[in-house]
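Numbering (my numbering), first residue to last: 2 to 284.
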Ligand SMILES: Nc1ncnc2c1ncn2[C@@H]1O[C@H](COP(=O)(O)OP(=O)(O)OP(=O)(O)O)[C@@H](O)[C@H]1O
Ligand SMILES: [Mg+2]
């Protein structure tokens, strides 16, 4: 039995070889845990296997080895308990912003009255600043607004865990900043457990309790777990003045620029039970 909310043990993903080509091991011996209510970001170079891990946690992809246990149960397929937000906001084009949310909320709580569903959905649309735009269809919304609808929808269904794969990747820096703060707001209201992939170190520091650093593939590892020791509530304009901000930021950038490659070379002696190294700058 495990005391952790999410437990990932010995996770491996590989693709079988063909002819002269050997088996492609994307990652193996991946071990890590996430606690209930934690906001965890994952950073790593393109192709190291971040989306693959997220999809396995979502139950949308199958691991080659290892297990994922959420709330004491093994993950073995998609579930309403795990909400997913992708980069390209998968909204239903023929439904309005509100209907995209009520649709999901009604599926989650079939016993709810129509009024209850609408009221609940509107609350989440309001949290992402979309009150007034609820009757517009996705084609009548900007990219940032569409992504807000996706986020509102994911949070509104209150899954036990939210999985977000570069949700702001397609947005300009200004819109991104605004939505990051909305995400903080909606997350601090709901205290849901979040696992999010990002390429943006500042975004990771602003949002997370902890940042997992993935080394380069093939045979990528969850190398480090960096604690973000900056108190909440956090604001974009204020976090950068905290004593630990640049210590954390420099550590992350150094990992990405220098150390993420070294792990790949040390692979052969890797301990299958290896946990990511904990890094903390808190005194
Ligand atoms: N069918 C396949 N056969 C072989 N390799 C594959 C296959 N599908 C994916 N891969 C490889 O798996 C690796 C991990 O892919 P994944 O999408 O998880 O990376 P990522 O870390 O999310 O990258 P990015 O940051 O670019 O989104 C990549 O190197 C990719 O080439
Ligand atoms: Mg990816």
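The beta carbon of each residue, even a glycine, is placed where N, CA and C say it ideally should be.
Per DSSP, what are the beta-bridge partners of residue 22 in this structure? Beta-bridge pairing links residue 22 to 19.
Closer than 7 Å to a non-hydrogen atom of ligand 1 - does that hold for the CB of residue 16? The closest heavy atom of ligand 1 lies less than 7 Å from the beta carbon of residue 16.
Range covered by the alpha helix (DSSP H) that runs through residue 174: Run containing residue 174: 174–191, per the alpha helix (DSSP H) assignment.
For residue 42: DSSP bridge partner residues: In the DSSP output, where bridge partners are listed per residue, residue 42 has 197 and 212.
Based on DSSP bridge pairs, tell me the residues matched to residue 68. For residue 68, which the question treats as bridged, DSSP gives the partners 10.
Run the CB neighbour count on residue 166, radius 10 Å, all protein chains shown included, and call it buried at 16 or more, exposed below. Buried, by the Cβ-count rule.
I need the residues with a C-beta less than 7 Å from some heavy atom of ligand 2; please give them in chain order. Going by the Cβ distance cut-off, the answer is 51, 52, 166, 167 and 198.
4-residue-minimum alpha helix (DSSP H) runs that sit fully inside the segment 81–112, ordered along the chain: Within the segment 81–112, the runs of alpha helix (DSSP H) at least 4 residues long that lie entirely inside it are, in chain order, 98–109.
Quick check on DSSP: helix, strand or coil for residue 158? Note: residue 158 maps to coil in three-state DSSP.
Report the three-state DSSP secondary structure of residue 121 (helix, strand or coil). Three-state result, residue 121: helix.
When you compare each of 43, 155, 5 and 140 to residue 108 by their alpha carbons, which one comes out closest? The residue with the shortest Cα to Cα distance from residue 108 is 155.
Less than 6 Å between C-beta atoms, sequence neighbours within five positions excluded: which residues of the same chain meet that for residue 177? Hits under 6 Å: 169.
Measure from the alpha carbon of residue 63 to the alpha carbon of each residue in 279, 205 and 16, then state which is nearest. Distance check between residue 63 and each of 279, 205 and 16 places 16 closest, using alpha-carbon atoms only.
Should residue 175 go down as buried or exposed, given a rule of 16 or more other Cβ atoms within 10 Å for buried? Burial call: exposed.
Does the Cβ of residue 277 have 16 or more other Cβ atoms within 10 Å, making it buried, or fewer, making it exposed? It counts as buried.
Closer than 8 Å, CB to CB, is residue 54 near chain B or not? Absent from the structure is chain B; it holds one protein chain and no more.
Mapping the DSSP letters down to three states, classify residue 57 as helix, strand or coil. In the three-state reduction of the DSSP assignment, residue 57 falls in the helix class.
Could you compute how far the alpha carbon of residue 256 sits from the alpha carbon of residue 214? Taking the straight line from one Cα to the other gives about 8 Å.
Do you know offhand how far residue 275's Cα is from residue 141's? One Cα belongs to residue 275, the other to residue 141, and the distance between them is close to 49 Å.
May I have the straight-line CA-CA distance separating residue 69 from residue 136, to the nearest angstrom? Approximately 39 Å, taken between the alpha carbons.
State the Cα-Cα distance for the pair residue 204 and residue 240, rounded to the nearest angstrom. Residue 204 and residue 240: Cα-Cα distance of roughly 11 Å.
Rounded to a whole number of angstroms, what is the C-alpha to C-alpha distance between residue 77 and residue 32? Going by the C-alpha atoms only, they are around 18 Å apart.
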